[in-house]
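A.B. asks: A single structure is presented below for examination.
There are 2 protein chains.
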Amino acid sequence: MATSPAPRWQRLDHDERRQQILACARRLFSERNYSSVSTSEIAREAGVARGLLHHYFGTKRDLYLEVVRAVMRMPSNPVPLQSPGRGVELVITEGVDRWLEMLERNRGTWLAAIGARGLGRDPEVEEILEDAREQAADRLIEALQTYEASQAPPHLRATVRAYGGLAEAASVEWLERGRLTREQAHVLLVEGFLSIVRDVLPAVEQTTGANEPSA
Amino acid sequence: MATSPAPRWQRLDHDERRQQILACARRLFSERNYSSVSTSEIAREAGVARGLLHHYFGTKRDLYLEVVRAVMRMPSNPVPLQSPGRGVELVITEGVDRWLEMLERNRGTWLAAIGARGLGRDPEVEEILEDAREQAADRLIEALQTYEASQAPPHLRATVRAYGGLAEAASVEWLERGRLTREQAHVLLVEGFLSIVRDVLPAVEQTTGANEPSA
DNA sequence: CCCCTAATTGGCGCTCTGCCAACTTTGCTA
DNA sequence: TAGCAAAGTTGGCAGAGCGCCAATTAGGGG
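Going down the list, the protein sequences come from chains A and B.
For the first sequence, the working numbering assigns the number 1 to the initial residue and increments by one for each residue that follows.
For the second sequence, the working numbering assigns the number 216 to the initial residue and increments by one for each residue that follows.
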């Protein structure tokens, strides 16, 4: 008569459990840095045994990289919509707007993603962040309607990436330090882009070494 | 007759030993990230017992922070010289030149310092880097000869910090990815600054919320 | 209803860190 | 020159975290 004696733990679908653990890890890693978060803590948070983390993700580091990848699905620079022939001003204005909108919604995650800097390189982490930024640069380049993203000359790509640096810094000023209002951040990002494209880029192009035929 | 039986280890002056250990730690932490460098390794490198690190620096983390501080004595943005009344163009041109010069000499260290990003905030490390950048911004603000650095309105400071982001990104493009020549980086940094000051900053100032009396 | 699959646990062994008591070197003094 | 005291240095112990694997258990199919 004693029916099955209340299972000690629940058995979840593979993907479901994986997602659940990933979510806990993401939250913890966003709050504190890598080495001050222990696998025991993540496991406790998720209500599972520590060994299960290794079953799903391998090492602690693998789990961490997975988290970084998940966070980086989010764009990391103003990314304009596809722009069938409209002026750059309009396209960039819209793109920046969507960008700021996204930031407002994902404030915490985004700040954690680009915020934490330290000494010492971590090639794998860097590669993930680098890919995200490079993709954002692609979109920006295409918004200029001069080059296909993959055909753009190095100095153009570099200049756009430099603008990306400006955009991130300005976003932090708005989101974290509050030294810009949202409107001011908007103006800074739009006018910054236009100024760089109109005035700075041509100056860079006139410089010796700009017109290497194939590189 | 057997004179003193060859000391097993040499006893160094306090500061001297400290500097020696710090140098080894600095090199290792610049190459790999925090958790993949062990205290045993640092000790071995310095030719001392592991316990000695703790004697001099406390915990591994304390040693790390000390290293970050040491690295950050180096400026982290174009820092113009004092400029008694000369034009902004000249001052910034000179400042950028010195900046690029410094980068060329300290390539490895600088890249390690600003390069490694990851998930998860580390308040103490962030504070150190933040201070260095804020100081660089002070110098840039003073180069404009409009405000004392400490009196500058928030939006001005924020705009200059945004330029700092551009400067760092552009520097990486030159130093690491080689998508800019040194000349191109120079032009980008100078023209970028001038454009931002001439065109972007006024636009930001016209924006609603720019003229808060005291903030 | 039983059994088989795979999700989940628990614990062993290793490395790393923090700490501290003991030892060695070196300069100073009688 | 021998001895002494202060400071630098060592070596090892205890605790914690991580990687791994064998045993256990939930849950569905035959």
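Beta carbons are placed, not taken as given, at the ideal position from N, Cα and C, and that holds for glycine.
Quantities reported herein were computed from a predicted structural model and do not represent experimental measurements.
Can a CB atom of chain A be found closer than 7 Å to the CB of D337(B)?
C.D. replies: yes
A.B. asks: Would you say P369(B) faces chain A, with C-beta separation under 7 Å as the test?
C.D. replies: At a cut-off of 7 Å, the C-beta of P369(B) has a neighbouring C-beta in chain A.
A.B. asks: Look at A210(B) and M287(B) and say whether their C-beta atoms are less than 7 Å apart.
C.D. replies: With chain B represented from 216 up to 430, any question about residue 210(B) goes unanswered, as that position is not in the structure.
A.B. asks: What's the gap between the Cα of Y163(A) and the Cα of W99(A)?
C.D. replies: 14 Å
A.B. asks: So which residues on chain A does R332(B) lean against when the C-beta distance must stay under 9 Å?
C.D. replies: A113, I114, G115, A116, R117, G118, D122, V125, E126 and L129
A.B. asks: Which residues in chain A have a C-beta closer than 7 Å to the C-beta of D414(B)? List them in chain order.
C.D. replies: E191 and S195
A.B. asks: What does G379(B) reach in chain A if we use C-beta pairs closer than 9 Å?
C.D. replies: G165, L166 and A169
A.B. asks: Since V375(B) and A352(B) should fall inside the 8 Å C-beta cutoff, what is the C-beta to C-beta distance between them, to a whole number of angstroms?
C.D. replies: 5 Å
A.B. asks: Assess, as a yes-or-no matter, whether the region 187-204 of chain A is touched by the region 399-410 of chain B under the definition of 3 or more beta carbon pairs within less than 8 Å.
C.D. replies: yes
A.B. asks: Does the beta-carbon of D337(B) have 16 or more other beta-carbons within 10 angstroms, so that it is buried, or is it exposed?
C.D. replies: buried
A.B. asks: Alpha carbons only, please: which of R61(A), D62(A), G58(A) and A23(A) is nearest the one belonging to M44(A)?
C.D. replies: The question names Met, yet the displayed sequence has Arg at residue 44(A). Its Cα nearest to that of R44(A), the residue A23(A) stands out among R61(A), D62(A), G58(A) and A23(A).
A.B. asks: Smallest Cα separation from V283(B): which of H55(A), L119(A), I42(A) and V48(A)?
C.D. replies: L119(A)
A.B. asks: Among R182(A), H55(A) and R105(A), which one has its Cα closest to the Cα of T423(B)?
C.D. replies: R182(A)
A.B. asks: Hey, out of A25(A), G58(A) and P75(A), whose CA is closest to L111(A)'s CA?
C.D. replies: P75(A)
A.B. asks: Quick one: Cα of D228(B) to Cα of E281(B), how far?
C.D. replies: 19 Å
A.B. asks: L315(B) CB to nearest chain A CB: under 7 Å?
C.D. replies: no
A.B. asks: Grab the span of the alpha helix (DSSP H) containing E173(A) for me, first residue to last.
C.D. replies: P154 to L175
A.B. asks: For E16(A), which residues in the same chain have their Cβ closer than 8 Å to its Cβ, ignoring the five residues on either side in sequence?
C.D. replies: Close CB contacts of E16(A) within its chain, under the 8 Å cut and outside five residues either way in sequence, are absent.
A.B. asks: I'd like the span of the alpha helix (DSSP H) that includes Q360(B), first residue to last.
C.D. replies: Segment: none, Q360(B) is in no alpha helix (DSSP H) and carries neither H nor E.
A.B. asks: From T146(A) to A400(B), what distance separates their C-alpha atoms?
C.D. replies: T146(A) and A400(B) have their C-alpha atoms spaced approximately 22 Å apart.
A.B. asks: For G323(B), is the classification buried or exposed, using 16 other Cβ atoms within 10 angstroms of its Cβ as the cut-off for buried?
C.D. replies: exposed
A.B. asks: Which residue's Cα is closest to the Cα of W174(A): L395(B), R372(B) and R394(B)?
C.D. replies: Nearest option by C-alpha distance: R372(B).
A.B. asks: Is the distance from the Cβ of R50(A) to the Cβ of S35(A) below 7 Å?
C.D. replies: no
A.B. asks: Less than 7 Å between the beta carbons of I257(B) and A240(B), yes or no?
C.D. replies: yes
A.B. asks: Of all the options L395(B), A367(B), I356(B) and Q421(B), which has the alpha carbon lying nearest to the alpha carbon of I307(B)?
C.D. replies: I356(B)
A.B. asks: Just verifying my parser: in three-state terms, what is the DSSP assignment at R332(B)?
C.D. replies: strand
A.B. asks: Can you tell me whether A347(B) is helix, strand or coil according to DSSP?
C.D. replies: helix
A.B. asks: Contact check, A358(B) vs V303(B) under 8 Å by CB: the rounded distance?
C.D. replies: 6 Å
A.B. asks: Note down, in chain order, every chain B residue with its Cβ under 7 Å from the Cβ of S35(A).
C.D. replies: Y249 and S250
A.B. asks: Tell me which same chain residues have a C-beta within less than 7 Å of the C-beta of Y279(B), skipping the five on either side of it?
C.D. replies: F244 and Y249
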